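Inspection log for the structure reproduced underneath, given as structure tokens.
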Amino acid sequence: MIALRFSHIPYAVSGMAAMVYYGYDARPYKVSMLCPEHTRENQKCWAKALGMLPIPKRHDIWGVATRDGMLRQIRVRFPYDFADMHVLKVGRSAVSMLSLAGLADELARTYVNELKHSDQDRQENLANEMAWILNRIIQCRMPEHRLKPERIPHLIQERFWLPFSLAYPEVVPLFAKAGWGIPDDEWS
């Protein structure tokens, strides 16, 4: 469904739905999508033309009726750096999805953004998700998911790394095992 509805623009499935694809045990209530900023206005028109329903008071969420009669939510965000995200084509329908490295980087961005206003439980959840992603990278041993600096521009920044590594030192060794050579004293 997603590959067909979004086939005419660049996109990437992200968030919990992407984690579930890679084996995370959860039932996401929405699918999160990332698209380039320049597609924002056009998407409103084609979403309506494809029968997607706007969700009141949420300009970033659309409802999609599925074959089983359920209304599913699709949240679309437009990051300024979409072109730099590490995206893979996956499955038989070649859905565009963030790689595990891309998910780790997006999670690092979220962690930094939420440090200012989220509670400890939310930060713990993000840390647990990061640990799961890193362990999955280590387990799958696929080069396209390994952490490399060009795939993780937010993760390798000091504004993520310092608060995260101080709060969750037990997760630190996983970054190296997943492919990122942690710098001793140089930061982006």
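The numbering used here puts the first residue of the sequence shown at 5, with every later residue one more than the last. The beta-carbon is built from N, C-alpha and C at its ideal position, and this holds for glycine as well. All values derive from a computational prediction rather than experimental measurement.
DSSP bridge partner residues for residue i (one or two, in chain order)
| i | result |
| --- | --- |
| residue 58 | 66 |
| residue 93 | 100 |
| residue 38 | 16 and 81 |
| residue 75 | 69 |
Cutoff 7 Å; reference residue i; Cβ partners in own chain excluding five residues on either side
| i | result |
| --- | --- |
| residue 88 | 157 |
| residue 24 | 30 and 32 |
| residue 83 | 38 |
Of the listed residues the options, nearest to residue i (C-alpha basis)
| i | options | result |
| --- | --- | --- |
| residue 139 | 56, 107 and 53 | 107 |
| residue 80 | 134, 166, 141 and 51 | 51 |
| residue 152 | 171, 125, 183 and 126 | 183 |
| residue 37 | 91, 60 and 49 | 91 |
| residue 170 | 82, 131, 111 and 46 | 131 |
| residue 34 | 64, 120 and 121 | 64 |
| residue 111 | 167, 155 and 133 | 133 |
| residue 59 | 86, 77 and 47 | 77 |
| residue 101 | 126, 149 and 177 | 149 |
| residue 19 | 143, 185 and 129 | 129 |
| residue 94 | 180, 16 and 70 | 16 |
| residue 146 | 176, 67 and 181 | 181 |
Run of the alpha helix (DSSP H) containing residue i, from where it starts to where it stops
| i | result |
| --- | --- |
| residue 52 | 44 to 53 |
| residue 165 | 162 to 171 |
| residue 179 | 176 to 181 |
Start-to-end residues for the beta strand (DSSP E) that takes in residue i
| i | result |
| --- | --- |
| residue 138 | Careful: residue 138 lies outside any beta strand (DSSP E), inside the alpha helix (DSSP H) at 124 to 144. |
| residue 17 | 16 to 18 |
beta-carbon residue i near the ligand MG non-hydrogen atom, thresh 7 Å
| i | result |
| --- | --- |
| residue 37 | Inclusion of the ligand MG in the displayed structure is not the case, the ligand content being empty and no account of it being possible. |
Contact set for residue i: own chain, Cβ-Cβ below 6 Å, skip 5 residues either direction
| i | result |
| --- | --- |
| residue 137 | 104, 107 and 108 |
| residue 275 | Outside the displayed range of the chain (5 to 192) lies residue 275, so it cannot be described from this structure. |
Chain-order list of residues whose beta-carbon lies under 8 Å from that of residue i (same chain, five-residue window excluded)
| i | result |
| --- | --- |
| residue 27 | 140 |
| residue 114 | 130 |
| residue 40 | 13, 14, 82, 86 and 87 |
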